[in-house]
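See structure below.
Chains as they are written, first to last, in this note's numbering: chain P, 1 to 329; chain Y, 1 to 320; chain F, 1 to 372.
Below is the structure:
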């Protein structure tokens with residue numbers, strides 16, 4: 001006669017499982033599950049560098065929002081060109097930082113401090129907007145390609161290949177020049193038009209592995225339709241990598257926007273924009289006449305990018321803790 | 001293996017085809033009349049503009065123009081640019097060496113710099129050196145290339161020159177055949193602009209990759225066998241860690257070869273990127289298409305090479 | 001062949017009210033993944049190769065076999081997670097073999113599955129309450145969120161979980177509790193048939209007992225029918241009314257539970273039984289150990305004739321020439337059928353048997369015979 005589990009069954013019924021005590025006290029407590037996001041967030045909070053970066057970003061956002069305040073305080077409008085000798089040298093060259101113009105003036109006698117503050121708006125708006133569009137499109141494409149497979153996947157994979165093989169900046173410039181009219185939306189869409197491919201490819205990979213899991217099979221056996229499975233079962237599992245990706249994309253989008261305006265195909269003058277200011281400073285760099293014209297927008301760009309990069313690293317480590325984290329607390 | 005190669009080449013060809021169609025389509029819906037008008041000059045009559053328009057074949061439907069292009073491509077003729085009548089292949093022949101000098105030189109620098117600092121960092125994980133390297137890498141990683149380039153010019157050209165040290169020129173390019181010394185001199189700052197930033201990427205990449213490999217069981221076994229730490233790291237660890245690095249490198253070089261537009265623009269190097277900028281501004285379609293083909297081909301070929309290399313380096317892929 | 005035999009193998013009428021599921025000559029082949037440039041490959045994996053089965057209302061039919069014998073595939077064919085290559089599946093009198101996804105939907109309320117892996121069968125990013133409510137939402141049961149929550153919490157209580165935990169994530173539960181969640185999910189719509197695909201294989205032995213008892217309690221309380229798949233014979237014995245043994249895509253023996261364990265006719269069943277670990281070393285030492293030679297053949301090229309013949313201790317030439325039909329042997333009642341030309345009699349010492357077929361006479365596959 002075979003023994004083992006069978007005998008355990010025959011010999012005695014197991015007692016009621018310990019987790020069910022059915023007491024009234026238990027019923028009155030609200031039990032909140034600890035979601036993976038909650039856990040990641042608490043890990044993030046312990047990352048000192050990430051917290052500092054977060055507050056730096058908050059500061060930058062604030063500066064962008066209250067940019068007009070800078071204009072009011074200094075008394076200089078953002079696009080107002082000042083002619084006086086404190087603004088432009090007799091030869092028409094930018095004036096160094098002084099008590100009147102803290103960051104100096106540019107080649108048209110405008111206050112760089114105020115322009116840098118306004119420039120933050122463009123960088124943040126386009127950076128965040130382009131990232132949002134990229135993620136949404138990329139995730140959708142990845143979900144569809146990964147889940148449905150077959151011919152749909154093949155076609156999308158080819159398109160992704162094409163997009164990734166195209167020299168990005170070249171095409172971005174070409175696209176903008178063909179579209180002619182440039183505004184914030186155009187720049188955002190152009191940046192997103194090339195970013196979605198990487199996101200799509202990665203998300204597709206994730207979906208391919210998720211698709212084989214048993215809980216997807218379970219959902220099918222329950223009678224769930226394809227779209228329900230995609231949005232209710234697969235999407236929640238893909239959101240974490242999508243968020244990590246966003247934090248990586250934000251600095252990339254910001255730099256991309258600056259590069260486009262540097263080349264003259266981004267936001268057009270006279271709108272204040274960091275990339276554009278850096279571009280205009282070129283003529284004064286060889287001759288060394290106006291270092292501040294490069295320095296202030298440059299440092300603003302670097303600090304912003306750096307802060308987003310550190311925060312992005314922190315978010316990535318928070319979602320996927322490894323032992324090699326450097327600044328772990 | 002051969003089947004794999006054939007399939008990838010086939011896919012690559014399709015991608016190239018689609019890329020060229022995309023370029024054509026883009027400019028077809030641009031404003032070809034503007035091209036004709038610009039060519040005709042300021043005081044041209046409508047008749048002249050129309051004639052030029054017709055001569056350049058701009059009035060033909062999309063597929064006809066594209067077909068002509070394909071016909072010529074098969075013969076190896078990339079057409080002539082709209083404005084100066086210079087054959088596109090000539091332009092390419094002149095600009096590719098410039099971009100190649102820039103890209104390949106920078107690539108060598110960033111690979112060596114990045115991988116060595118990354119590996120060194122990983123071996124001394126969490127030490128002061130590691131933190132310093134990681135911090136520096138993070139900093140350079142966050143500087144846009146045009147900011148760095150201009151900053152380098154200011155510091156190394158302007159400041160040094162005004163203090164009597166004439167080491168680095170600001171802009172311009174000198175062919176290697178003309179004068180190797182001056183070729184080098186003109187490329188140092190551009191190389192640094194590209195390389196410092198990319199090196200930062202590779203430092204991070206190498207560090208992560210090495211750390212992952214060093215945590216594997218077979219490395220532990222090597223140590224347990226009594227091998228010296230250096231041997232363990234270099235011989236056993238580096239081999240596997242190199243795979244993602246090499247594959248990333250292949251792609252990065254290809255992208256750089258596609259024209260480092262920003263760097264060439266700042267340093268006045270007449271390479272592919274610089275030419276493409278002008279071509280786009282002028283809507284010079286044949287030239288643009290030529291450059292795009294070169295750039296896209298570089299990426300496609302690099303992808304194929306990288307895939308094959310991956311299969312060679314990582315036997316698991318072969319047994320697929 | 002006796003008259004009894006004829007009766008047992010004649011399929012009952014399709015409208016027999018006692019039969020919930022009828023599987024008739026179901027075949028499921030999978031195409032082999034080809035590595036060539038062109039997709040087509042002639043080879044197929046014969047996962048299920050002609051199975052006839054009945055599942056009667058209110059019973060628990062056990063299905064055992066080693067890994068790769070096709071039992072999981074058969075289960076998924078019955079629940080229509082896979083489309084069958086040929087054959088017929090009848091559920092509650094209706095032929096569901098070729099129904100489209102949409103047409104299958106109402107039947108999904110009546111047929112549910114419990115999966116093997118407690119860690120993989122629940123979506124880690126969803127709360128448990130949402131997971132259990134899934135079937136309700138999909139089939140539009142329950143008018144409001146509150147109503148559904150009530151049903152979910154009822155189901156949780158039914159399986160022995162604290163209903164207040166419905167907001168938690170699967171990661172916060174133990175393996176046994178997760179299986180209970182899986183059971184609660186399967187029960188939410190009060191199905192007629194539950195297919196349990198190795199529901200306790202991944203659990204600790206003590207937890208296995210709890211879950212098996214739970215399933216048994218639920219069966220009597222709710223009038224459920226189970227198809228219970230496992231590779232652990234001791235578990236199957238206690239839950240099942242009848243047991244079917246599968247080998248390489250075919251059923252080789254089927255009988256009432258007691259008959260399979262005490263009077264196994266097929267050499268393979270005997271071998272399986274002899275391999276069940278016994279806790280008492282003295283008893284273990286004394287029983288017969290039947291060790292099968294050879295590896296399990298690949299389901300791509302199954303052996304000719306009786307599929308078990310390459311490993312069978314009693315193999316003879318007839319086993320190669322003629323595939324044995326599944327029918328009662330040796331004066332067994334109609335409920336006990338085995339597919340063997342030389343069934344093992346009571347008291348026969350199988351370990352002492354010697355095959356009359358030499359190694360090279362055993363044919364793994366005749367060229368061109370079985371590949372289609």
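We put the CB at the ideal spot given by N, CA and C, even for glycine.
Secondary structure note for residue 169 of chain F: it is in no beta strand (DSSP E), with a DSSP letter that is neither H nor E. Residue contact with chain P for residue 218 of chain F: absent (no Cβ-Cβ distance below 7 Å to any residue of chain P). Around residue 138 of chain F, the beta-carbon contacts reaching into chain P at under 9 Å are 219, 222, 223, 224, 225 and 228.
Within the stretch 66-92 of chain F, 76, 79, 80 and 81 place their CB atoms closer than 9 Å to a CB of chain P, listed in sequence order. Contact check for residue 287 of chain F and residue 257 of chain F: beta-carbon distance about 19 Å, past the 8 Å limit, so the pair fails to qualify.
Assignment of residue 228 of chain F by DSSP, reduced to helix, strand and coil, places it in the strand class. Using a CB distance cut-off of 7 Å, residue 178 of chain P counts as an interface residue toward chain Y. Taking 7 Å as the cut-off, the Cβ atoms of residue 194 of chain F and residue 188 of chain F do not count as close. Within the stretch 126-208 of chain P, complete beta strand (DSSP E) segments of at least 3 residues are not found at all. No Cβ of chain F is located within less than 7 Å of the beta carbon of residue 38 of chain P.
Your pair residue 199 of chain Y and residue 258 of chain Y does not check out as a contact, with CB atoms roughly 20 Å apart and the cut at 8 Å.
Closest in C-alpha terms to residue 319 of chain P, from the list P:287, P:283, P:243 and P:118, comes P:243. The closest CA to that of residue 119 of chain F, considering only F:74, F:203 and F:83, is found on F:203. Residue pairing by DSSP places residue 113 of chain F opposite F:195 in a beta bridge. In the three-state reduction of the DSSP assignment, residue 100 of chain P falls in the coil class, being assigned neither a helical nor a strand state.
Chain P has a Cβ within less than 7 Å of the Cβ of residue 299 of chain Y. Counting along the chain, residue 86 of chain F sits inside the beta strand (DSSP E) bounded by residues 86-91. The residue among P:38, P:45 and P:113 with its C-alpha nearest the C-alpha of residue 272 of chain P is P:113. Using a Cβ-Cβ distance cut-off of 8 Å, the stretch 132-144 of chain Y and the stretch 301-309 of chain P are in contact, since at least three pairs of beta carbons, one from each stretch, lie closer than that value. In this structure, the alpha-carbon of residue 159 of chain F lies about 19 Å from that of residue 227 of chain F. If only complete runs of 4 or more residues are kept, the stretch 235-288 of chain Y shows the alpha helix (DSSP H) at 238-257, 261-267 and 272-281, in order along the chain. Under DSSP, residue 246 of chain F shares a beta bridge with F:251.
Out of F:342, F:73, F:168 and F:277, the CA that lies nearest to the CA of residue 232 of chain F is found in F:277.
Excluding residues up to 5 positions away in sequence, nothing lies with its Cβ nearer than 6 Å to the Cβ of residue 52 of chain P in the same chain. Flagged as an interface residue toward chain P: residue 26 of chain Y, by a C-beta distance shorter than 7 Å. The beta carbon of residue 54 of chain F is closer than 6 Å to those of 19 and 22 in its chain, skipping five residues each way along the sequence. For residue 115 of chain F, at least one C-beta of chain P is nearer than 7 Å to its own C-beta.
With contacts defined as CB atoms closer than 7 Å, residue 200 of chain P and residue 138 of chain P qualify as a contacting pair. If you draw a straight line from the Cα of residue 160 of chain P to the Cα of residue 219 of chain P, it comes to about 30 Å. By the CB criterion at 7 Å, residue 108 of chain Y and residue 289 of chain Y fall outside the cutoff. Fewer than three beta-carbon pairs drawn from the stretch 138-152 of chain F and the stretch 78-94 of chain F are found closer than 8 Å, and the two stretches are therefore not classed as touching. A Cβ-Cβ contact shorter than 7 Å links residue 80 of chain F with residue 104 of chain F. The C-alpha of residue 222 of chain P is placed about 26 Å away from the C-alpha of residue 25 of chain F. CA-to-CA, the gap between residue 275 of chain F and residue 208 of chain F works out to about 20 Å. A Cβ of chain F is located within less than 7 Å of the beta carbon of residue 213 of chain P. Distance between residue 270 of chain Y and residue 14 of chain Y, taken at the CA atoms: about 30 Å.
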